[in-house]
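Read the structure below first, then the notes.
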Amino acid sequence: MLHLGLRVTDLDRSLAFYTALGYVVRGRVPETPFGSLTMLQLPGDPFVSLELVHDPARPVTDTGAVNHLVVQTDDLAATVAGLAAKGLTAEPPADHGEGMSTSWLTDPDGYRIELVQWPPGHPAGMTAADFEA
């Protein structure tokens, strides 16, 4: 997948949220049939992974089509503490055993974000080994 286009109601509020989460603005396309596009990238990622789509005439009224977004972190406790220092509240980390933990927070439009810390030595991203029975 190249990236996800996520419709947002208030671009400034969403940018404040996603930059606090760690994303960096990499570019903008001001006029498209969808609205303005703001391209976001996580440091260390090879490419843009999130596009904020904003059209004041088309606010977000339903987030049900998106179950959740997932962001990987190397140190979940530090990430949650850093978010709190920036005014974002994440749920306390849940320990899933063997060094895997998760936490959840919600963006300004109601989209759920899962923060994941893999066990030591786990490759970046999700692999088939993560869901094989």
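Throughout the sequence shown, residue numbering follows the UniProt record's numbering, covering 1 to 133 in sequence. Using N, Cα and C, we set each Cβ at its ideal position, and we do this for glycine too.
Bounding residues of the alpha helix (DSSP H) (the contiguous stretch that carries residue i)
i, result
"glycine 82", "76 to 85"
Presumed contact (8 Å Cβ cut-off) between residue i and residue j, rounded CB distance
i, j, result
"leucine 42", "serine 49", "6 Å"
"alanine 16", "leucine 83", "Wrong, their Cβ atoms sit about 12 Å apart, outside the cutoff."
"aspartate 95", "serine 101", "5 Å"
"glutamate 51", "methionine 39", "6 Å"
For residue i, the first and last residue of its enclosing beta strand (DSSP E)
i, result
"serine 49", "No beta strand (DSSP E) contains serine 49, which DSSP labels as neither H nor E."
"threonine 38", "36 to 41"
"tryptophan 104", "101 to 106"
"leucine 88", "Where leucine 88 is concerned, there is no enclosing beta strand (DSSP E), given that its DSSP letter is neither H nor E."
"glutamate 114", "112 to 117"
"tyrosine 70", "Here the sequence assigns valine to residue 70, which means tyrosine is not the residue at that position. Its beta strand (DSSP E) spans residues 69 to 72."
Where residue i falls: helix, strand or coil (DSSP)
i, result
"aspartate 130", "helix"
"alanine 20", "helix"
"arginine 58", "coil"
"aspartate 12", "helix"
"glycine 5", "strand"
"alanine 94", "strand"
Pair every Cβ in the region 24 to 39 with every Cβ in the region 67 to 79, then say whether three or more of these pairs are closer than 8 Å. Under the 8 Å Cβ criterion, the region 24 to 39 does not count as touching the region 67 to 79, having fewer than three qualifying pairs.
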